[in-house]
Amino acid sequence: MYTNKVKKVAAVHDLSGVGRVSLTVVMPVLSSMGFQVCPLPTAILSSHTQYPHFSFLDLTNEMERIIEEWKLLGIVFDAFYTGYLGSPRQVQVVERFIREFRKENDLVVVDPVLGDNGKLYANISESMVVEMQKLICSADVITPNLTEAFYLLNSDCKTSLSDDELKSNLFQLSAKGPSMVIITSVPVRGNPHMTSVYAYDKISDRYWKVTCPYLPAHYPGTGDTFTSVITGSLLQGDSLPIALDRASQFILQGIRATFGYKYDTREGILLEKVLHNLRVPVQSFSYELVG
Ligand code: PXL
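To convert a position in the sequence shown, counted from 1, into my numbering, add 33.
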């Protein structure tokens, strides 16, 4: 059996020229962690969709041609990592791609990019939510933020949740297929200066939590950076709680490197200033078991 000398990650995300989201962060993060990224672009945009206007080219048809060429060339991937998709029909293309290419020990990570802060992103329709609910069934790992978790479960968004409610949401999402579920951007009850990430590992039947300082600025693309670090970390053999620590600490470093400037936050965190930190082992652990 052919094995890649450097692990190959098929990255199914859009290419947005400005604003540090999707492929423009997935590629540098995973390359810095020592993996080869093979992009399967879902759409080309002038910028991400949180700017007041943007151009948008849907690549659904081109994706089918790219996949066909990869099949003819016999390309072998070690991981599949999907994010922002350009059209609901694309989900079926992506599902088939994963089904036809995945091998037994490959890692499939689905970041169900749908929205944030209780709302869907511009350009994301209810039919995309329905399709995303199907795509997560093919994943080993999913990383919704709290808003996306509610949309995936068809439940109303709320911001104050008990540990038991979060555990129930994680469990319900894992029951759809993924063996690891990570929910990001969970507010900490009674403490606006902290934010947390909750996770469930079905194989060991354990729930994990990482809490870190919350700085009051919204930077698009931090979810993409977070899931890219999780993907790299799991691919290099880290446990789920170590991957959670590594990704949370990296996001905090990125936000801290940016927050002190007077700056247009739509450009995302100053990733280039902190990328080198991905080469360094995690310095301290802060994960907790949720009882
Ligand atoms: O980071 C998520 C994301 C990815 N791709 C596009 C987006 C967004 C969030 O706004 O607009 C095009």
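Backbone N, C-alpha and C define an ideal beta-carbon position, used for all residues, glycine too.
Predicted model, so just to flag it, every value in this text is computed and none were measured.
Three-way DSSP call (helix, strand, coil) for residue i in this model
| i | result |
| --- | --- |
| E137 | coil |
| A155 | coil |
| Y184 | helix |
| F110 | coil |
| P61 | helix |
| L147 | coil |
| T298 | helix |
| N37 | coil |
| P224 | The question names Pro, but residue 224 in the sequence shown is Asn. Three-state result, N224: coil. |
| V307 | coil |
| L179 | helix |
| L322 | strand |
| V124 | helix |
| V174 | strand |
| V162 | helix |
Alpha carbon of residue i to alpha carbon of residue j, nearest angstrom
| i | j | result |
| --- | --- | --- |
| F130 | T93 | 12 Å |
| S120 | C170 | 18 Å |
| T209 | D238 | Note that residue 209 corresponds to Lys in the displayed sequence, not to Thr. Cα to Cα, K209 sits roughly 15 Å from D238. |
| L140 | D173 | 6 Å |
| L206 | Q166 | 10 Å |
| I284 | M96 | 31 Å |
| D271 | G301 | 27 Å |
| W103 | I77 | 20 Å |
| R132 | F113 | 11 Å |
| L90 | P145 | 20 Å |
| L185 | V62 | 27 Å |
| V143 | M34 | 26 Å |
| S195 | S158 | 29 Å |
Distance CB(residue i)-CB(residue j) smaller than 8 Å
| i | j | result |
| --- | --- | --- |
| I215 | T176 | yes |
| V51 | S88 | no |
| T258 | L304 | yes |
| K40 | L248 | no |
| M213 | L273 | yes |
| V219 | L203 | no |
Continuous beta strand (DSSP E) stretch holding residue i: start and end
| i | result |
| --- | --- |
| L48 | 48-51 |
| M213 | 213-220 |
| S229 | 227-234 |
| C25 | Outside the shown range of the chain, which is 34 to 324, sits residue 25, and nothing can be said about it. |
| F89 | 89-91 |
| I77 | 76-80 |
| V313 | Counting along the chain, V313 falls outside any beta strand (DSSP E), and DSSP gives it neither H nor E. |
| C71 | 69-72 |
| A43 | 41-45 |
Host alpha helix (DSSP H) of residue i (start-end)
| i | result |
| --- | --- |
| R279 | 273-292 |
| K200 | 196-207 |
| R239 | Where R239 is concerned, there is no enclosing alpha helix (DSSP H), although the beta strand (DSSP E) it sits in stretches over 239-246. |
| D257 | 255-268 |
If contact is defined by three or more beta carbon pairs under 8 Å, each pair taking one atom from either stretch, is the stretch 314-321 in contact with the stretch 273-282? Yes, since at least three Cβ pairs between the stretch 273-282 and the stretch 314-321 fall closer than 8 Å, the two stretches touch.
Touch check for the stretch 191-200 and the stretch 154-168: three-plus C-beta pairs under 8 Å? Segments in contact, no.
I'd like to know if the stretch 247-255 and the stretch 283-302 are in contact, where contact means that at least 3 CB-CB pairs between them fall below 8 Å. With the cut-off at 8 Å, the stretch 247-255 and the stretch 283-302 touch.
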